[in-house]
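Have a look at the structure below before the remarks.
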DNA sequence: GCAACAACGGCAAGCGGTTGCCAGAAGTTG
DNA sequence: CAACTTCTGGCAACCGCTTGCCGTTGTTGC
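Chains as they are written, first to last, in the UniProt record's numbering: chain A, 1 to 336; chain B, 1 to 336.
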């Protein structure tokens, strides 16, 4: 009731009260240099007294600037995105923007639809771990400002955590432990990272003379990890690299369930170093990265696109270093 | 470039192309019953051909309906909110709304500020685990539609997971294991749940003749769990109930770090049954709840407020049942 | 066959801001 | 002191869509 009667004051109310034109009030509020300081202060005082708050919808309409950015993640229940979300939020807030978070639930359709839905009400999109095709992303980028996370595409700004060096580190770590064979439990086919990680692993394995096989694809979830574990155990490899920590943790459980031991019977490595990867038993060896920074930089480069035209500035593709976190899930290769 | 040249078509473009008035196009799109089916189909076809997409900003301005709801959580890195977020999103989507997610980072100021910022651009707010004072929430509710999660306040719709029965269950479980004393490691003072949980525990303990003490407050994080563990161990109690799973998991680690064992030396119970609570070792005994349902219902009752006036309908306060998940972190009380 | 009434499409006034343009006031310059 | 900038504030035209109201046309009832 109270809610409905009292309408929010508008600049017209403030203008009337301050005995000025609405346009002057508007300027005093959003373009302070344009009016005299006396006027500005007067307006501010009146606005304050009336409890005036800009209607962000109304101001976005003529100006086209919504001061809102959207972040889409492929699965909001994956702790991997925590850091990214936090980082993005901080950067957005620092830039005076609101962050809208969307969960695409691993579906390229949901992704495309949600993005289209938001269309005109945001200044741009940060898409993390997109499942869309390159073509769809390009089409999207033709209509909106887009920055990518965990994916690279020519001409678009992106932020990824290095996987070339990271996978090399993983392989060398395993090699040092005496492993001679590894399997990669692949993530979704649509995930750009799936191929990248496999390529990195395969190449590094070749270099150290380790055999490597790719199995899957699997959904990047704990549940699918059980399946992946069975497949990995069946493969005869002594080391398994899961597409992400969620899968890896699911594998740890399944291996234990089957009465085998990690790392004695099988070494397991994950990606992301998520919350939970250090409380599992054994704790998970995993490739971590500065994900908060990833989120921050992605928003940053999205907002940065404002000025530089896409052609001129050459969208920057940022690669942040990863680091291998060695914990209990990797150990000496079992002797045959 | 492509992005900037081609402006999105508007209803005027569609109207011109369809040789109709803009108002008719508007109606065909958003109020189909108001035009003849022939006209509607014609408009739809033209709109489709032109790739028309409503500008949600523009339509929200005159109508006042933004088809957007905001969900604020106190800490987005707490997996507890996963289910709530998912549930809220699903329900929002089902109702044709977009969900905006906000992280208030445990701060009532951030909470109030962010809510005010969004003010006019959402249809309402779902606030989970609010840290604001009752007065501030009431003030907010005077200006916007608000639904609460994990908090009750007269006159406002809310969804909580039962704690009365839940805490009783916890206490009885501990009593059955022979425990005669428990400590509650309290959460933030501003969290409504902190007092509620303590009250429930204290009352249940009294009834079974168990001693209960409240310690803290602590931040509801893993980090603070270490501190809580030390305090709990120092208290001499044989059972510790942490404010949430994050704290409880932090406690598990700290206890192990100090060379003691859970549950042999100390039984530990948490709240929420978050992701991670079953992969810790020992796995955590915790009070779970249907959190996805919580999120869903909260959005539901928020959107339901549309029709029924707040006074008339008597805001519904929903209480969902909790369930105790017994795992390895609770065991027989140590014999003295 | 005509009044009464739907049904349907169009007009135009908003929603609450932003902003290009103009004009009067104030400040500079020679 | 005239001529010319620079400041400031106001006017009014949007931004793209919604919606109350009106007029036309087609239907129905008697």
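Think of the CB as a built atom: it goes at the ideal place given N, C-alpha and C, for glycine as much as any other residue. Please read all numbers here as calculations on a predicted model, not as lab measurements.
Listed in chain order, which residues of the segment 313 to 330 of chain B have Cβ atoms closer than 8 Å to some Cβ of chain A?
none
Continuous alpha helix (DSSP H) assignments of at least 4 residues falling wholly in the segment 11 to 82 of chain A:
11 to 18, 22 to 30, 37 to 50, 56 to 63
Show which residues of chain B have a CB atom less than 7 Å away from the CB atom of residue 58 of chain A.
Residue 58 of chain A sits at position 58 when you count from the first residue of the first chain. Neighbours of residue 58 of chain A on chain B, chain order: 61.
Distance, residue 140 of chain B Cα to residue 10 of chain A Cα:
If you number the first chain from 1, residue 10 of chain A lands on position 10. If you number the second chain from 1, residue 140 of chain B lands on position 140. Near 19 Å, if we compare the C-alpha coordinates of residue 140 of chain B and residue 10 of chain A.
Grouping DSSP H, G and I as helix and E and B as strand, with all else coil, what is residue 274 of chain A?
Numbered from its first residue, the first chain carries residue 274 of chain A at position 274. Three-state DSSP puts residue 274 of chain A in coil, outside helix and strand.
Can you tell me the Cα-Cα spacing of residue 54 of chain A and residue 22 of chain A, whole angstroms?
Locating residue 54 of chain A in the first chain gives position 54, where the first residue counts as 1. Locating residue 22 of chain A in the first chain gives position 22, where the first residue counts as 1. Cα to Cα, residue 54 of chain A sits roughly 13 Å from residue 22 of chain A.
Nearest-angstrom Cα distance between residue 126 of chain B and residue 282 of chain B?
Taking the first residue of the second chain as 1, we reach residue 126 of chain B at position 126. Taking the first residue of the second chain as 1, we reach residue 282 of chain B at position 282. Near 35 Å, if we compare the C-alpha coordinates of residue 282 of chain B and residue 126 of chain B.
With 7 Å as the limit, tell me which residues of the segment 73 to 100 of chain B have their beta carbon closer than that to any beta carbon of chain A; keep them in chain order.
76, 77, 79, 82, 85, 86, 89, 98, 100
Tell me, which residues are paired with residue 349 of chain B by DSSP?
Residue 349 of chain B lies beyond the residue range present for chain B, which begins at 1 and ends at 336; the question has no answer from this structure.
Using alpha carbons as the reference points, say which of A:289, A:247, A:81, A:239 lies closest to residue 222 of chain A.
Locating residue 222 of chain A in the first chain gives position 222, counting from the first residue. Nearest of A:289, A:247, A:81, A:239 to residue 222 of chain A, Cα basis: A:247.
Output the boundary residues of the alpha helix (DSSP H) element that contains residue 8 of chain B.
In the second chain, counting from the first residue as 1, residue 8 of chain B sits at position 8. Here residue 8 of chain B belongs to no alpha helix (DSSP H), and DSSP marks it neither H nor E.
Using beta carbons (cut-off 8 Å, strictly below), is residue 106 of chain A in contact with chain B?
Here residue 106 of chain A refers to the residue found at position 106 of the first chain. Chain B contact via Cβ: absent.
Take residue 168 of chain A and list the residues in its own chain whose beta-carbon comes closer than 6 Å to its own, dropping the five residues that flank it on each side.
Along the first chain, read from residue 1 onward, the residue named residue 168 of chain A stands at position 168. Counting only Cβ-Cβ distances below 6 Å, and skipping sequence neighbours, we find 204.
For residue 103 of chain B, return the contacting residues in chain A, with the cut-off set at a CB-CB distance below 8 Å.
Start at 1 with the first residue of the second chain, and residue 103 of chain B comes out as number 103. Correct list: 85, 86, 89.
Which residues in chain B sit within 7 Å of residue 55 of chain A, going by Cβ to Cβ distance?
As a working mapping, residue 55 of chain A is identified with position 55 in the first chain. Simply 120.
Check whether the Cβ of residue 180 of chain B lies closer than 8 Å to any Cβ atom in chain A.
Walking along the second chain from the start, residue 180 of chain B turns up at place 180. No, residue 180 of chain B lies away from the interface with chain A (no Cβ there is under 8 Å from its Cβ).
So, using beta-carbon positions, are residue 145 of chain B and residue 124 of chain B closer together than 8 Å?
If you number the second chain from 1, residue 145 of chain B lands on position 145. If you number the second chain from 1, residue 124 of chain B lands on position 124. Yes, Cβ-Cβ distance for residue 145 of chain B and residue 124 of chain B is below 8 Å.
Check the C-beta distance from residue 230 of chain B over to residue 270 of chain B and give it rounded, since I have them as a contact under 8 Å.
Counting from one through the second chain, the residue named residue 230 of chain B turns up at place 230. Counting from one through the second chain, the residue named residue 270 of chain B turns up at place 270. About 17 Å; that fails the 8 Å criterion.
Which residues in the same chain as residue 208 of chain B place their Cβ atom closer than 7 Å to its Cβ, once the five residues preceding and following it in sequence are excluded?
Here residue 208 of chain B refers to the residue found at position 208 of the second chain. The answer, listed in chain order, is 171, 172, 175.
Would you kindly work out how many angstroms separate the C-alpha atoms of residue 85 of chain A and residue 73 of chain A, rounded to a whole number?
By 1-based counting over the first chain, the position of residue 85 of chain A is 85. By 1-based counting over the first chain, the position of residue 73 of chain A is 73. Approximately 9 Å between the Cα atoms of the pair.
At a Cβ threshold of 8 Å, is residue 280 of chain A touching chain B?
Within the first chain, the letter at position 280 stands for residue 280 of chain A. Closer than 8 Å: yes.
Examine chain A for any beta-carbon lying closer than 8 Å to the beta-carbon of residue 276 of chain B, and answer yes or no.
Taking the first residue of the second chain as 1, we reach residue 276 of chain B at position 276. So yes, residue 276 of chain B belongs to the interface.
Backbone CA spacing between residue 94 of chain B and residue 87 of chain B [nearest angstrom]:
Taking the first residue of the second chain as 1, we reach residue 94 of chain B at position 94. Taking the first residue of the second chain as 1, we reach residue 87 of chain B at position 87. About 11 Å.
Suppose you measure from the CA of residue 225 of chain B to the CA of residue 75 of chain B; what does that come to, to the nearest Å?
As a first step, residue 225 of chain B is located in the second chain; it is residue number 225 there, counting from the start. As a first step, residue 75 of chain B is located in the second chain; it is residue number 75 there, counting from the start. Distance between the alpha carbons of residue 225 of chain B and residue 75 of chain B is about 16 Å.
If distances are taken between C-alpha atoms only, which option among A:31, A:184, A:128, A:240 comes closest to residue 153 of chain A?
Position 153 of the first chain, counting from 1, holds the residue named residue 153 of chain A. For residue 153 of chain A, the nearest C-alpha among the options comes from A:128.
Alpha-carbon to alpha-carbon, residue 79 of chain B and residue 142 of chain B
Locating residue 142 of chain B in the second chain gives position 142, where the first residue counts as 1. Locating residue 79 of chain B in the second chain gives position 79, where the first residue counts as 1. Taking the straight line joining both Cα atoms gives about 31 Å.
Within 8 Å (strictly less), CB to CB, does residue 111 of chain B reach chain A?
The residue given as residue 111 of chain B occupies position 111 in the second chain. With 8 Å as the cut-off, residue 111 of chain B does not count as an interface residue toward chain A.
Does residue 249 of chain B have its Cβ less than 8 Å from a Cβ in chain A?
Taking the first residue of the second chain as 1, we reach residue 249 of chain B at position 249. Yes, residue 249 of chain B lies at the interface with chain A (some Cβ there is under 8 Å from its Cβ).
Can you tell me whether DSSP reads residue 230 of chain A as helix, strand or coil?
Reading the first chain from its first residue, position 230 is the one you call residue 230 of chain A. DSSP places residue 230 of chain A in helix when its eight states are reduced to three.
For residue 294 of chain B, the nearest candidate out of B:160, B:303, B:13, B:193 (CA to CA):
As a first step, residue 294 of chain B must be located in the second chain, where it is residue number 294. Minimum Cα distance to residue 294 of chain B is reached at B:160.
Could you tell me whether any Cβ in chain A is nearer than 8 Å to the Cβ of residue 223 of chain B?
Sequence index remark: in the second chain, residue 223 of chain B carries index 223 (1-based). Chain A, which has no Cβ nearer than 8 Å to the Cβ of residue 223 of chain B, makes this no.
Cβ of residue 65 of chain A within 8 Å of any chain B Cβ:
Position 65 of the first chain, counted from the start, is the residue given in the question as residue 65 of chain A. For residue 65 of chain A, the answer is no, since every Cβ of chain B falls outside 8 Å of its Cβ.
On the three-pair Cβ rule with 8 Å, is the segment 89 to 105 of chain A touching the segment 55 to 70 of chain A?
yes
Which residue's Cα is closest to the Cα of residue 190 of chain A: A:261, A:181, A:132, A:202?
Along the first chain, read from residue 1 onward, the residue named residue 190 of chain A stands at position 190. It is A:132 whose Cα lies nearest to the Cα of residue 190 of chain A.
Buried or exposed for residue 52 of chain A, going by 16 or more other Cβ atoms inside 10 Å?
Locating residue 52 of chain A in the first chain gives position 52, where the first residue counts as 1. Buried: at least 16 other Cβ atoms inside 10 Å.
Between the CA atoms of residue 275 of chain B and residue 149 of chain A - distance to the nearest angstrom
Numbered from its first residue, the first chain carries residue 149 of chain A at position 149. Numbered from its first residue, the second chain carries residue 275 of chain B at position 275. Cα to Cα, residue 149 of chain A sits roughly 24 Å from residue 275 of chain B.
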